[in-house]
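Number of protein chains: 2
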Amino acid sequence: MTEEKIGRTELVVDPFHTDFAGRLNYGTLGKHLLNSAENHASERGFGMKMLNEANYTWVLSRLAIEMYEMPKVYDKFCIDTWIEDVYRLFCDRNFCIRGENGKVFGYARSIWAMINYDNREPIDLHEVHGQNMDRYICGEENCPVEKQGKVRRLSDDKLVRNLTIRYSDIDYNGHVNSIKYIEHICDLFPLDKYRHENVRRIEMAYMAESYIGDTLSFFVEEKEKDVYHIEVRKNVLENVSKGESVVRCRLVFE
Amino acid sequence: MTEEKIGRTELVVDPFHTDFAGRLNYGTLGKHLLNSAENHASERGFGMKMLNEANYTWVLSRLAIEMYEMPKVYDKFCIDTWIEDVYRLFCDRNFCIRGENGKVFGYARSIWAMINYDNREPIDLHEVHGQNMDRYICGEENCPVEKQGKVRRLSDDKLVRNLTIRYSDIDYNGHVNSIKYIEHICDLFPLDKYRHENVRRIEMAYMAESYIGDTLSFFVEEKEKDVYHIEVRKNVLENVSKGESVVRCRLVFE
Numbered sequence: 005m006t007e008e009k010i011g012r013t014e015l016v017v018d019p020f021h022t023d024f025a026g027r028l029n030y031g032t033l034g035k036h037l038l039n040s041a042e043n044h045a046s047e048r049g050f051g052m053k054m055l056n057e058a059n060y061t062w063v064l065s066r067l068a069i070e071m072y073e074m075p076k077v078y079d080k081f082c083i084d085t086w087i088e089d090v091y092r093l094f095c096d097r098n099f100c101i102r103g104e105n106g107k108v109f110g111y112a113r114s115i116w117a118m119i120n121y122d123n124r125e126p127i128d129l130h131e132v133h134g135q136n137m138d139r140y141i142c143g144e145e146n147c148p149v150e151k152q153g154k155v156r157r158l159s160d161d162k163l164v165r166n167l168t169i170r171y172s173d174i175d176y177n178g179h180v181n182s183i184k185y186i187e188h189i190c191d192l193f194p195l196d197k198y199r200h201e202n203v204r205r206i207e208m209a210y211m212a213e214s215y216i217g218d219t220l221s222f223f224v225e226e227k228e229k230d231v232y233h234i235e236v237r238k239n240v241l242e243n244v245s246k247g248e249s250v251v252r253c254r255l256v257f258e
Numbered sequence: 005m006t007e008e009k010i011g012r013t014e015l016v017v018d019p020f021h022t023d024f025a026g027r028l029n030y031g032t033l034g035k036h037l038l039n040s041a042e043n044h045a046s047e048r049g050f051g052m053k054m055l056n057e058a059n060y061t062w063v064l065s066r067l068a069i070e071m072y073e074m075p076k077v078y079d080k081f082c083i084d085t086w087i088e089d090v091y092r093l094f095c096d097r098n099f100c101i102r103g104e105n106g107k108v109f110g111y112a113r114s115i116w117a118m119i120n121y122d123n124r125e126p127i128d129l130h131e132v133h134g135q136n137m138d139r140y141i142c143g144e145e146n147c148p149v150e151k152q153g154k155v156r157r158l159s160d161d162k163l164v165r166n167l168t169i170r171y172s173d174i175d176y177n178g179h180v181n182s183i184k185y186i187e188h189i190c191d192l193f194p195l196d197k198y199r200h201e202n203v204r205r206i207e208m209a210y211m212a213e214s215y216i217g218d219t220l221s222f223f224v225e226e227k228e229k230d231v232y233h234i235e236v237r238k239n240v241l242e243n244v245s246k247g248e249s250v251v252r253c254r255l256v257f258e
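Here the protein sequences come in this chain order: H and Y.
Residue 5 is where the first sequence starts when you use this note's numbering, and the numbers rise one by one after that.
Residue 5 is where the second sequence starts when you use this note's numbering, and the numbers rise one by one after that.
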């Protein structure tokens with residue numbers, strides 16, 4: 005068990021993990037963030053592996069990624085992650101994505117809850133972990149990007165795509181993987197947009213889980229130039245206004 | 005430049021790179037194979053990075069993966085890759101996927117061509133590389149899985165899904181990524197099938213490229229119990245028998 009508060013994962017942008025323009029894609033970056041979080045946690049005694057044995061698991065509640073620049077094919081980079089704070093039901097975890105010579109590519113903020121694997125009810129973090137998580141709270145590291153804002157329910161006429169959940173959407177937690185939503189959201193925009201613009205910031209609020217057999221509906225509204233609000237509802241079927249919000253997202257191009 | 009004929013990549017099954025059952029997913033495994041091939045090539049002077057500068061690139065023509073067992077979440081594994089032979093227009097590259105203590109999880113065979121990035125015409129490997137690739141041909145390592153067989157065009161009534169190509173399908177080569185086809189093919193089968201069965205073997209023949217704006221149509225036929233032939237055609241539109249074969253695949257469950 006390490007005493008270090010910050011965990012570091014060293015990575016390289018493999019050529020088959022980029023988009024057409026050679027930029028690391030958000031799907032791969034997102035999975036790297038989640039894996040680095042899990043490695044940090046498991047090296048400190050509260051990773052998913054131990055939790056699964058106790059029938060608990062971590063679920064991602066909020067994720068905001070802001071990239072000043074995306075690493076390009078063959079770039080070396082690292083992800084530093086640390087715990088900013090621990091509350092009764094949530095844990096705030098931050099990330100810094102750095103290149104060689106300490107160059108900062110971007111930051112990410114995330115909020116996690118722990119749930120019972122079977123009944124999906126939240127677990128009191130202090131009850132389960134006592135002071136074990138608190139002693140890793142890191143005050144020294146800075147995450148100078150904004151906390152995420154609120155995205156409201158969009159109007160029904162903003163529906164742009166329906167999608168059936170398939171095998172590859174589902175992860176080890178038995179629900180649609182949180183990063184898969186990001187990939188599906190990025191896929192709502194035409195490739196041409198990515199020729200001239202980058203995704204500068206993406207904010208994800210995970211409001212409910214979705215499972216195999218569910219249908220996802222994607223609603224998109226451009227709130228101001230290049231700032232998009234996106235809502236994902238499940239099982240709207242014939243009555244579009246009835247579906248439950250699964251994900252709400254704010255996406256900023258530049 | 006290394007003299008070693010075999011290149012090794014050390015990996016671990018990250019929890020967000022598995023399917024719902026904790027098995028490494030074929031999409032992630034496939035990308036690891038491609039990345040390990042590229043690393044092996046670039047360390048020996050014929051990787052995509054150098055080729056791109058000369059306006060050439062590697063394209064995958066055939067890929068067969070046979071897994072006796074899939075690595076599970078948190079398993080350490082490595083991918084060994086080596087060149088079996090170099091012909092005028094093709095290069096045969098093999099892979100072995102090993103776990104700890106030398107346990108063999110499976111093997112893969114691949115056939116690659118080099119093309120001109122602009123006109124997509126094939127390049128004579130001996131003309132470009134002289135003896136440089138030949139000196140890495142490795143006769144010592146064994147790849148004891150069958151070469152892939154031929155899959156014929158399927159009849160038009162086997163159509164099961166149409167799909168529009170989106171941003172995340174396209175890779176650095178500007179076409180639909182060869183591994184993305186595997187993900188889409190695995191997604192043709194219901195999740196329930198994966199509860200009781202594993203994909204034992206997958207054979208891919210890449211016959212043409214597809215690009216943004218193309219529509220892909222997937223045809224599936226069960227030839228014998230748990231042996232599926234799959235054909236992907238592009239732009240069949242209103243006349244299903246007219247579309248060009250992009251990919252043909254043989255998939256074996258067990």
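Quick reminder that beta carbons are idealized off the backbone N, C-alpha and C, glycines included.
Keep in mind that this is a model prediction, so the values were computed, not measured.
Cβ-based neighbour list, residue i, same chain, cut-off 8 Å, excluding 5 preceding and 5 following
| i | result |
| --- | --- |
| I141 of chain Y | K9, I87, E88, D89 and V90 |
| A45 of chain H | G51, M52 and W62 |
| N181 of chain Y | D173, I174 and D175 |
| M5 of chain Y | E47, R48 and G49 |
| F94 of chain Y | S65, I115, W116, A117 and L129 |
Candidates the options, of which the one nearest residue i by Cα
| i | options | result |
| --- | --- | --- |
| E201 of chain Y | Y:E187, Y:E258, Y:E226 and Y:M118 | Y:E258 |
| R97 of chain Y | Y:K107, Y:I115 and Y:G103 | Y:I115 |
| E207 of chain H | H:V17, H:I189 and H:F193 | H:I189 |
| S65 of chain H | H:N39, H:D138 and H:A212 | H:A212 |
| E226 of chain Y | Y:Y171, Y:V155 and Y:M137 | Y:V155 |
| R254 of chain Y | Y:L93, Y:N181 and Y:Y232 | Y:Y232 |
| N239 of chain Y | Y:N177, Y:Y176, Y:D173 and Y:I169 | Y:I169 |
| F20 of chain H | Y:G178, Y:N59 and Y:I101 | Y:G178 |
| S40 of chain Y | Y:I101, Y:R237, Y:V250 and Y:P194 | Y:I101 |
| Y60 of chain H | H:M71, H:R124 and H:L28 | H:R124 |
| P148 of chain Y | Y:S159, Y:L163, Y:R113 and Y:I216 | Y:R113 |
| M118 of chain H | H:G110, H:Y111, H:M137 and H:V108 | H:M137 |
| V224 of chain H | H:Y215, H:R237, H:G217 and H:I216 | H:R237 |
| S159 of chain H | H:M71, H:D23, H:I234 and H:V251 | H:I234 |
Under the three-state DSSP convention, the category residue i falls into
| i | result |
| --- | --- |
| V180 of chain H | strand |
| A25 of chain Y | coil |
| P126 of chain H | strand |
| Y215 of chain Y | coil |
| T32 of chain H | helix |
| D96 of chain H | strand |
| S245 of chain Y | coil |
| N84 of chain H | It should be noted that the sequence gives Asp, not Asn, for residue 84 of chain H. Here D84 of chain H sits in strand by DSSP. |
| N166 of chain Y | strand |
| M74 of chain H | coil |
| A45 of chain Y | helix |
| S221 of chain Y | strand |
| I186 of chain H | helix |
| K9 of chain H | coil |
| Y60 of chain Y | strand |
| E14 of chain H | strand |
| F193 of chain H | coil |
| G51 of chain H | coil |
| V132 of chain H | helix |
Paired residues, beta bridge with residue i - DSSP
| i | result |
| --- | --- |
| I69 of chain Y | Y:A112 and Y:I206 |
| E226 of chain Y | Y:Y232 |
| N120 of chain Y | Y:Y60 |
| D89 of chain Y | Y:D96 |
| F257 of chain Y | Y:V203 |
| G103 of chain H | H:F81 |
| R237 of chain Y | Y:S221 and Y:S249 |
Chain-ordered chain H contacts of residue i [CB-CB under 8 Å]
| i | result |
| --- | --- |
| M52 of chain Y | P19 |
| G31 of chain Y | S172 |
| N181 of chain Y | F20 |
| K35 of chain Y | D18, F20 and H21 |
Per-residue contacts from residue i into chain H (C-beta, under 9 Å)
| i | result |
| --- | --- |
| E42 of chain Y | D18, P19 and F20 |
| I115 of chain Y | The contacting residues do not exist; I115 of chain Y stays about 17 Å from chain H at best. |
| I216 of chain Y | F24, P194, L195 and D196 |
Closer than 8 Å at the beta carbon, the chain Y residues around residue i
| i | result |
| --- | --- |
| I174 of chain H | D23, F24 and L195 |
| N39 of chain H | D18, P19, F20 and H21 |
Chain-ordered chain H contacts of residue i [CB-CB under 7 Å]
| i | result |
| --- | --- |
| V77 of chain Y | Y176 |
Per-residue contacts from residue i into chain Y (C-beta, under 7 Å)
| i | result |
| --- | --- |
| C190 of chain H | Y171 and S172 |
Residues that residue i contacts on chain Y, provided the C-beta gap is smaller than 9 Å
| i | result |
| --- | --- |
| Y185 of chain H | Within 9 Å Cβ-Cβ: nothing; Y185 of chain H doesn't reach chain Y, min ~12 Å. |
Beta-carbon proximity list for residue i, same chain, < 6 Å, skipping 5 on both sides
| i | result |
| --- | --- |
| L167 of chain H | L220 |
Cut-off 7 Å between Cβ atoms - residues of its own chain near residue i, not counting five sequence neighbours on either side
| i | result |
| --- | --- |
| S245 of chain H | D160 |
| L28 of chain H | V17, H21, T22, M74 and P75 |
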